[in-house]
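Protein chains in written order, with UniProt numbering: chain C, 1 to 240; chain A, 1 to 291; chain L, 1 to 393; chain R, 1 to 610.
Backbone N, C-alpha and C fix where the C-beta goes; we use that ideal spot for every residue, glycine too.
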Amino acid sequence: MSDPILTVDGLRVSYGRVEAVRDVSFRAEPGALVTLVGANGAGKSSVINAVAGLLRPAGGRITFEGQEITRTPAHKLVRRGLVQVPEGRQILATLTIEENLQMGGWHTGGGGSGAIDAMYDRFPVLAERRALPAGALSGGEQQMLAIARALVAGPKVMLMDEPSMGLAPKIVDEVFRVIEEIRASGTTVVLVEQNARRALRAADHGYVMQSGEVVHSGPAADLLADERIVQAYLGVESGT
Amino acid sequence: MQQLLNGIFIGSIYALFAIGFTLVFGILDRLNLAHPAVFAASAFVGIELVERGGLSLWAALPLVFVVGAVLGLLIERLAFRPLKGRADAHFAGLISSIALAGMLIALLQWRYGPDTRRFPPGSFPDTRFEVFGAQVTLVQVVILAVSLALMVALTYMVTRTRLGRGMRAVAENPTAARVLGVNVDRVTAVTFAISSSLGAVAGVLFAINVNTAQLGMGAAIELKGLAVIIVGGMGSLPGALIGGLLLGLAEVFAVQYIGSSWIDVIAFGLLFVILLLRPQGLLGARKVREV
Amino acid sequence: MRTKLCTVAAASAAALLLASCGSGDSGGGDTSASGGGLTGEGSGESCTIEGEVPIGAVLSLTGAAASYGESQQRGLELAAAELAGNDGVTYDLTIEDDQTDPRQAITLFDEFVNDGASLIIGPTLSNAAVQADPIAQEAGVPVLGISNTAAGVTEIGDYIFRDSLTEQAVIPQTIAAATEEFGLQDVVVMYSNDDAFTESGYEAFAAALEDEGVEISETITFSKSDTDFRALLTQAQESDPDAIVVSALIEAAVPLVTQARELGIDVPIIGGNGFNNPRLMADAGEAAEGVVVGAAWNSTSDNPENQAFLEAYEAEYDARPDQFAAQAYTGLKLVDQAVRANCSAERDSIQQALGEIEDVPTVLGEFSIDENRDADHPAVVQVVENGTFTVLE
Amino acid sequence: MLGQYATTLTFIALGAIFAYSFYAVLIAGQLSLGQAGFASLAAFSGAYLAPSGADVGDVPALLIAVAIGMSVGALAAVVLGLPTMHLRGVFLAIATLGFAEAVRVVLLNQEWTGGAQGLGVPRVLTVGMAWLALGLVAYWFWRMGRSRYGRALEAIREDELAARAMGIDVGRHRLAAFVTAGAVAGLYGVLYAYYVRLIAPDDFDFTAAVEGLVTAVVGGSTMFLGPVLGSGFLTAVPEIQRAVGVEAGWIRPFLAGLLLLVVILFLPGGLASLIRRRTRMPADAAAEAAGERAGRSHPPAGDTVVALAGLGKEYGGVHAVRGVDLEIRAGEVVGLIGPNGAGKTTLVNMISGLVPPSSGSATVLGAEIGRTPVHRIAAAGVSRTFQHSKLFNRLSALENVLVGAHLVSRPTFLRRLLWLPSARRDESAALRQAARCLERVGLAELAASRAEALSYGDQRRLEIARALASDPSLLILDEPAAGMNHVEARRLSELITSLAQDGLTILFIEHNVGMVLRTCTRVVVLNFGEVIASGAPAEIASDPAVVEAYLGSADEDPAGGSIAEGTLDDPTSAERADATPDAPPDPVVDVRPGAAGDLAPPDSTPRDAT
């Protein structure tokens, strides 16, 4: 087993006096797909935002490629290859699709037109509408745009926050297919999902969060198989 | 005819002032009330460069541009960045920029005294033209041209360049911009710098145009600048130009048909009507939806 | 400038209570403030007063009127330095800044009255004078205005004097001279209508023009902060006047004159006291040529006081004085005159002596205080020729 | 001793009164610069119209002038306020500034005002009178602070939308605040005139307005003593500089600017933030049980509470909700479930009146949705919580709940001014009601904490308490259990059940399906804006369509097309080509033009993205 590309140790995040994340630890091996699952408000997004440098952790240690990045701001992390696909997609609705993709290549200075063309090949729907404001896209298309935009940045680790949110099941399937492709191309993926079942099916390793803490972790398949965990923490009482 | 030209030229001054103002106000949604102080400061610095430094105006202008940019960075750093994330950032930003403006004007008085000053005669060619029987000076033509050019150049910058994209991204969604690796603080600072350097150039041209520079020159034009921004549409660069020209023409025709005492009522009346009927301004996009 | 030091602790103490600060004895009466008696022996040049004579001056050193305040400060300090060279009487001149804010002027008058000032000079603006002078009047402290020209200031009471000629005293003479010189028949009048000084100047112009039978074909107003007058001047040009009469401060005068010439207006421009400033020629350059200025102070007068003043001022400040400096300088000299007349710096004594000033040679010419406590001295009508004021004759 | 500082003290009082006119609107979150205009109109008309002191005596003349001035100021505020009340933030500031400048120019051009030379006024005001007036104004705002009206204004400042949902008529309250500002500014104008002896229109220019605003903000706009502190501070700065011998000239304004900058940067709440704000908890809150409950008679069980017919909502061509028919009867506990983005929040936003439907009709407790303003719907008995807590962050937990009790408490402000015992009774009744609600959700101990300092779960509970305080007939909860652990969720479930026993009808959105099945009498499943199932929990749990929609397909069927290639029809897609490009994802989050400056809640990323 190689050294982890990303480690999080004892992470704590607070908003004022409110503690949203208490002592969370996890790691991702290079090329792995790791998922953090849990109900709304469990603190998953806070973890991912702290890793991405959007939030200042109150405590703990985060390393990326062996170097500490606990308090490194987001813009430096993107340059180093730690890229986030944020929750709610956060596309820039008033900018065109092309401009959104160019923003993905912000840190390269130019706009990475080669990478953008590659995205147009991969997502032809974006190429067709490249001059339209991104806000005119459908939810699923916006999610694709958000992913494509992150890919333009050339990530080594991609942090994905609820990519299936608000999408129809068929489109969720497609999003997950894209995620698996990304992972297959060697990029490490850290996936935060409410759709636990779906996420665990795709992942190598899973962490179940509850009220700001990791309450279970293990190989994804094992977690998925443990009906008690699914019932108790994933908000699903009766299922398939 | 003369009045028409007068209106256009006054209007282009308003526009020149407002373009810098609106960049920060419209794009970053921050009202920087230190902008008028930069406007005044640059005129005095420009005069000193020409008078003491013996530079030609053309050499002094780029330097003034730099001075303006530095002031912009200082303003952002001292008056706005510390307020980031505060619940009252809006009010507080107004006040901190007013405080900074007061300090800047005080420093100007210390350095240059309270008297009016002007660019030494001959620092700008005193060329005049006659257009359809109306008198036009070269300065006026330059100001109009500069306003137009700046409007076009800035519009290009905002819509076509990487920096412009970054500015718009920061304006629309700072979080998304950060996720994409944009150093939001830096883009904000650069926006302030550009805004202030435009204000600085405006100050110099203004002082040449009216042949006087005063500590209060920024304050005198401040309210009209606000009116122009609102009339033209917040953050809209062409809006600032059109708003400026509209205000200039309205004033001139007020002189002719209503009476000179009522000029300012026209400006603010126009402002008021626009705010009530079309709050987004003539060219502004309706950014915010009411629910 | 005298500084009243008091503990830093007091400064940082609660803002509401400024107790324990100030010069200790806050007596409002005629008794002295700064140790030693204020009544001395001898008279005139031989007068010797033991204590320092406390004089307060309230000037606008910052804010909109700062440029006048600064001139006045220079004039006063120059006069104070000269007076310090004389034997017998020493003055303790405290110059304070009202920030061009009437509330500060009122506060400062109050403080000077409480601190035992023998006399208060100022304030710079007429508006502030109307608001602040009554405080001194009620307390029996004489006030000498050095730049207030609005009507009614000295009517506040018998302790209020001024050495500044009102616009009413200067302007009729200006209009009469100009009418004769240029054969005026109809003129356009322009003035800033948001300033007390220029508005009262306008009223004087209007009255004088009517007296001379000159028609006002158009009246145009602007704001004191305006600097672009092209639209207004174009409007003025349309009625093809014989002259343009302007009541404005120097800040507006310079751009107005420049732009008028730029637009090809070559009729005479007639201005009031506000134009009597060397900046007019310095900043408007050639455009200022031919501008007629009615003024309280003849800057080119060759009387020995004036020559000495010009020389001393230029030596000290490397700049040419304006009317504000001349009137301020004269003001303090007149105060000295009044103190020495009775050899007393008691308030009532100064008040009485000021009222009796008559035919004193000053920078402003032979100077008297009239029965209304207003200044009485020759005014002058000047015209700009070759970059300097010359008397229009 | 005092005599020596009479002038300074008078100006402190005058400055503070003027600052109160800014405080009056800042407290409701409005930024207006029109006060200089009100003061100007008031000062001139008061001084001009009031009889001479020689005829009626100085003080009566002053009082008459004050009466005239305050009326003129208030009237001007109404005239300006009616058309501008819908403006927010900087827009309102600039519109009102335009008004003030126009007033200045008009007055300059009037004969009777004396133009630039001004209008002479006798000095009547003494330091005592000034402080008396200040005392009265401060008293007014002090008594207002803890009244129902004052709390409503603060609630509007903190979160206008939530305030509306609590039944506060925001428009009326904002106008009232504006009129108060006008009257106080009028008072200032007249007092100023009767002190300085001469007023000119320029005394009330932009600089004056800015100074008033600065005073109010520096002093602090969340505490009634703020303006006094601000004025004391700003008036003292030049005095102190003089006293310590700072040379007159440029250095003084420089230092004054520096001080101002330091205060604004380092004291976020203004000088008043140095004073602690106390929250009183009624001593007998829990002890004194029900008895005098304001009591709303709930519709009898089985009556229709909510009736939706073909209700739909589209945002820029995206159908968030389409053709929903739904009936909810009194006494039901309805769980609304569905995947993220199914349109649940949009649906409840429509039911609670926050979002007008684009099609169909809805009647809630007799109020017709779409035509009835939010506060009326709240008054009809609808109360709700929000998906992302919309608490009044800078208010204490107890105050939050007191605002919730707005509808069932009686106005107390005017009676508080007179210290009437009945006001006290009403206030303590409201306090008890609030305390009971806090008690019920288990937050009694945290009553004094600021809402923003509570933990996520406590914030959710506080929202429920606030919603309960209005004694609603229909309670809508939007993801109440989010962020709660299963013990807390179980307790919440018990609370909901007990509320239902009290006769409330409850509609709640929840992702914790277990909790929904446990708690509800009926479950409605929404997907892609449409109701796909509705029925008893047991039926729903076994409905394969629900399982498919909600939990995701069990098997990995290859999709029939691809969204990336544009070959798959995306149900969330825009149907119109000219879709509004910048439709904000969550229509409820941002309703104020210039809403910037709001502290984002910890987790503000929109969830309901269509």
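- Q84 (chain C) is bridged by DSSP to C:L159.
- Under DSSP, L59 (chain L) forms a beta bridge with L:D97.
- Considering only beta carbons, no part of the segment 143-166 of chain A lies closer than 9 Å to chain R.
- By the criterion of at least three beta-carbon pairs nearer than 8 Å, the segment 166-182 of chain R is in contact with the segment 405-412 of chain R.
- If you draw a straight line from the Cα of G150 (chain R) to the Cα of V334 (chain R), it is about 36 Å long.
- Neighbours of E251 (chain A) in chain L, taken as residues at a C-beta separation under 7 Å, are given in chain order as A231.
- For a cut-off of 8 Å, the C-beta gap from A533 (chain R) to N512 (chain R) is around 18 Å, too long to register as a contact.
- Contact between the segment 10-18 of chain R and the segment 177-193 of chain R is present: 3 or more CB-CB pairs across the two stretches fall below 8 Å.
- In this structure, R:L414 is the residue among R:L414, R:R376, R:G232, R:K344 with its C-alpha nearest to the C-alpha of Y139 (chain R).
- Residues of chain R whose Cβ lies closer than 9 Å to the Cβ of N86 (chain L) do not exist; the shortest such Cβ separation is about 26 Å.
- Rounded to whole angstroms, the gap between the alpha carbons of Q256 (chain A) and L9 (chain R) is 48 Å.
- In the assembly as shown, V105 (chain R) is a buried residue. Its beta-carbon has 16 or more other beta-carbons within 10 Å.
- By the CB criterion at 7 Å, Q185 (chain L) and D240 (chain L) fall outside the cutoff.
- For N527 (chain R), the three-state secondary structure derived from DSSP is strand.
- At least 7 Å separates the beta-carbon of D98 (chain L) from that of L83 (chain L).
- Between T390 (chain L) and V363 (chain L), the CB-CB gap reaches or exceeds 7 Å.
- Between P123 (chain L) and V58 (chain L) the beta-carbon gap is near 4 Å, inside 8 Å, which marks them as a contact.
- With respect to chain R, the C-beta atom of M217 (chain A) has no partner C-beta closer than 7 Å.
- The beta carbon of P238 (chain R) sits closer than 8 Å to those of R252, A256, all from its chain and outside the five residues before and after it, given in chain order.
- Against chain L, the CB of T372 (chain R) has no partner CB under 7 Å away; the residue lies outside that interface.
- V130 (chain L) and A196 (chain L) have their C-alpha atoms roughly 11 Å apart.
- By alpha-carbon distance to L78 (chain L), the top candidate from L:A326, L:A341, L:V380 is L:A326.
- Boundaries of the alpha helix (DSSP H) around R460 (chain R): 456-469.
- In the structure shown, E65 (chain C) adopts coil according to DSSP, grouped into three states.
- Within chain A, no C-beta atom comes nearer than 9 Å to that of S200 (chain L); the closest sits roughly 17 Å away.
- In the three-state scheme derived from DSSP, where H, G and I count as helix and E and B as strand, E262 (chain L) is classed as helix.
- With respect to the C-alpha of A200 (chain A), the residue from A:M1, A:L5, A:I19 having the closest C-alpha is A:I19.
- Nearest CB-CB separation between S197 (chain A) and chain R: not below the 7 Å threshold.
- When the five nearest sequence neighbours on each side are left out, the beta carbons in the same chain lying within less than 8 Å of the beta carbon of L95 (chain C) are those of M103, P133, A134, in order along the chain.
- Spanning the alpha carbons of G343 (chain R) and G312 (chain R) requires a straight line of approximately 10 Å.
- Between I91 (chain C) and Q142 (chain C) a beta carbon distance of about 5 Å is seen, short of the 8 Å cut, so the two are scored as contacting.
- One thing to note: I27 (chain A) has its Cβ within 7 Å of the Cβ of G235 (chain A).
- Residues of chain R with a Cβ closer than 8 Å to the Cβ of S261 (chain A) are, in chain order, V105, L108, N109.
- DSSP places P304 (chain L) inside the alpha helix (DSSP H), whose first and last residues are 304-317.
- Look at the beta carbons and you see the segment 109-122 of chain A not touching the segment 80-93 of chain A: under three pairs across the two are nearer than 8 Å.
- Distance from the Cα of G10 (chain C) is smallest, within the candidate group C:I62, C:K44, C:L55, C:A42, for C:I62.
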